[in-house]
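Below is one structure, written out as structure tokens; the observations come after it.
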């Protein structure tokens, strides 16, 4: 498939590389290509500048958001939660009825660590996104584990752990399910409509504290039943 | 130990019976003994009237909250989240410096199912309880799984799943740890101080949606790491 991956950070890179490896035609989207390509520093998380990363991932293209989306059949949202709504709303006409795989979390870092949530309880960022772009098909998934596990679940305990999915459109979820399976996911729980994104987004406060205790992010949860 | 279990519902009964089975001297606390004993109907969850239940659990006594607490060396809070703060605050002088094992969740059923949380994000019921009773030692635990698994974790996947613990007092957590182990828990994660109760309380929205999908409550999560 032709897939747009929005965001050039750790999550966007993980998905862009993995999707390209699986044979998809991937265009990463960014706000300003010249500015993004001009970045020359290793970021706070130890990531190479994107210009260097692209040299190692030659099948992935970089483009402005609009072109990436218009070229794609579906959109992966790997932007930070804080810019997700404003950026995607501004691209509504390009997105149209496409599937948005929403991996973002509504994390608010303004009060220090661990971050709080800027949407919670009787709402979720997934729902807000679906409401803001009513023609699109938002599927919230993968937001409960780190980027490396998201794209290569078998690298942890041979995949014996779970990922969740929320969305209003059954066909969209079937398509996303196939991509999750191609990543290596064998334990996928469809929680229901997009309101169930409240459950996975509100899992983040526990995830963040487990991260604090375990001192690494290479973990996930398994639903033992 | 002498243990007070506040609440005569499903959670209180599970702990009272299990603690008595383990050799503890258990007094269940209720608001009004005469009224509680006069209940004659099977409740909405299929639980027998407490008077019947006590006939099958003869080593467990029933008393008013105050007497149960004053007789006990520690307190299990198995009250509903919605009455937890008001009831426990009214008993502050009886509780004094005792450990409160807080199993409650801040669930608000007034907006229908699934319930929302009445405390969340930058606060938790565990923290509110610790602030309301500053001399007490609140240990939040067990609130992430159902009552039967709480007291008999080995009945699910031979105990291969996790329970969490939050609290400010290390000695209190050591004592609660021993009780958890005596229940059969082998995988116990100390998340840190009582603010980490935000993590486990905010897990409930995901728990509730998993319950909806799985159609039973006999599940728990394992942290795969």
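Protein chains in written order, with the numbering used here: chain B, 7 to 231; chain Y, 7 to 231. Here a beta-carbon is modelled for each residue, glycine too, at the ideal position from N, C-alpha and C.
Is residue i helix, strand or coil when you go by DSSP?
| i | result |
| --- | --- |
| residue 79 of chain Y | coil |
| residue 226 of chain Y | strand |
| residue 74 of chain Y | helix |
| residue 17 of chain B | helix |
| residue 218 of chain Y | helix |
| residue 31 of chain B | strand |
| residue 60 of chain Y | helix |
| residue 163 of chain Y | helix |
| residue 153 of chain B | helix |
| residue 95 of chain B | helix |
| residue 114 of chain B | strand |
| residue 196 of chain B | strand |
| residue 87 of chain B | helix |
| residue 104 of chain B | coil |
| residue 9 of chain Y | strand |
Hey, how far is the Cα of residue i from the Cα of residue j?
| i | j | result |
| --- | --- | --- |
| residue 157 of chain Y | residue 212 of chain Y | 21 Å |
| residue 44 of chain Y | residue 118 of chain B | 52 Å |
| residue 144 of chain Y | residue 98 of chain Y | 13 Å |
| residue 41 of chain Y | residue 182 of chain Y | 32 Å |
| residue 239 of chain Y | residue 217 of chain B | Because chain Y here runs from 7 to 231, residue 239 of chain Y falls outside it and cannot be looked at. |
| residue 30 of chain Y | residue 22 of chain Y | 9 Å |
| residue 129 of chain B | residue 77 of chain Y | 44 Å |
| residue 52 of chain Y | residue 19 of chain Y | 13 Å |
| residue 224 of chain B | residue 120 of chain Y | 31 Å |
| residue 209 of chain Y | residue 205 of chain B | 7 Å |
| residue 56 of chain Y | residue 36 of chain Y | 11 Å |
| residue 63 of chain Y | residue 24 of chain Y | 10 Å |
| residue 49 of chain Y | residue 15 of chain Y | 9 Å |
| residue 39 of chain Y | residue 153 of chain Y | 23 Å |
| residue 162 of chain Y | residue 28 of chain Y | 19 Å |
| residue 69 of chain B | residue 106 of chain B | 18 Å |
| residue 131 of chain Y | residue 147 of chain Y | 12 Å |
| residue 85 of chain Y | residue 108 of chain Y | 9 Å |
| residue 11 of chain B | residue 229 of chain B | 29 Å |
| residue 75 of chain B | residue 231 of chain B | 40 Å |
| residue 203 of chain Y | residue 174 of chain Y | 11 Å |
| residue 7 of chain B | residue 188 of chain Y | 54 Å |
| residue 219 of chain Y | residue 61 of chain B | 44 Å |
Is it buried or exposed for residue i, if we count other Cβ within 10 angstroms and need 16 for buried?
| i | result |
| --- | --- |
| residue 115 of chain Y | exposed |
| residue 112 of chain B | buried |
| residue 34 of chain B | buried |
| residue 184 of chain B | exposed |
| residue 87 of chain B | buried |
| residue 167 of chain Y | buried |
| residue 180 of chain Y | exposed |
| residue 58 of chain Y | exposed |
| residue 13 of chain Y | buried |
| residue 221 of chain Y | exposed |
| residue 89 of chain B | exposed |
| residue 141 of chain Y | exposed |
| residue 169 of chain B | buried |
Is the distance from the Cβ of residue i to the Cβ of residue j below 9 Å?
| i | j | result |
| --- | --- | --- |
| residue 133 of chain B | residue 104 of chain B | no |
| residue 172 of chain Y | residue 200 of chain Y | yes |
| residue 215 of chain B | residue 186 of chain Y | no |
| residue 1 of chain B | residue 83 of chain B | Given a span of 7 to 231 for chain B in the structure shown, any question on residue 1 of chain B remains unanswerable. |
| residue 126 of chain Y | residue 127 of chain B | yes |
| residue 9 of chain Y | residue 93 of chain Y | no |
| residue 155 of chain B | residue 227 of chain Y | no |
Excluding the five sequence neighbours on either side, which residues of its own chain have a C-beta within less than 8 Å of the C-beta of residue i, listed in chain order?
| i | result |
| --- | --- |
| residue 165 of chain Y | 159, 190, 191, 192 and 193 |
| residue 281 of chain B | What is shown of chain B runs 7 to 231, which leaves residue 281 of chain B out entirely. |
| residue 95 of chain B | 138 and 139 |
| residue 102 of chain B | 141 and 142 |
| residue 195 of chain Y | 168, 169, 170, 171 and 229 |
So, at 6 Å on beta carbons, what are the nonlocal neighbours of residue i in its own chain, with the 5 sequence-adjacent residues on each side left out?
| i | result |
| --- | --- |
| residue 26 of chain B | 32, 65 and 66 |
| residue 124 of chain B | 112 and 114 |
| residue 178 of chain B | 105, 143 and 145 |
| residue 151 of chain B | 226 |
Excluding sequence positions up to five away, which residues of its chain have a Cβ less than 7 Å from the Cβ of residue i?
| i | result |
| --- | --- |
| residue 91 of chain B | 134, 135 and 138 |
| residue 122 of chain B | 114 |
| residue 72 of chain Y | 97 and 100 |
**Q.** Members of the region 204 to 226 of chain B that neighbour chain C once the beta carbon cut-off is set at 9 Å
**A.** No chain C is part of this structure, whose protein chains are labelled B and Y.
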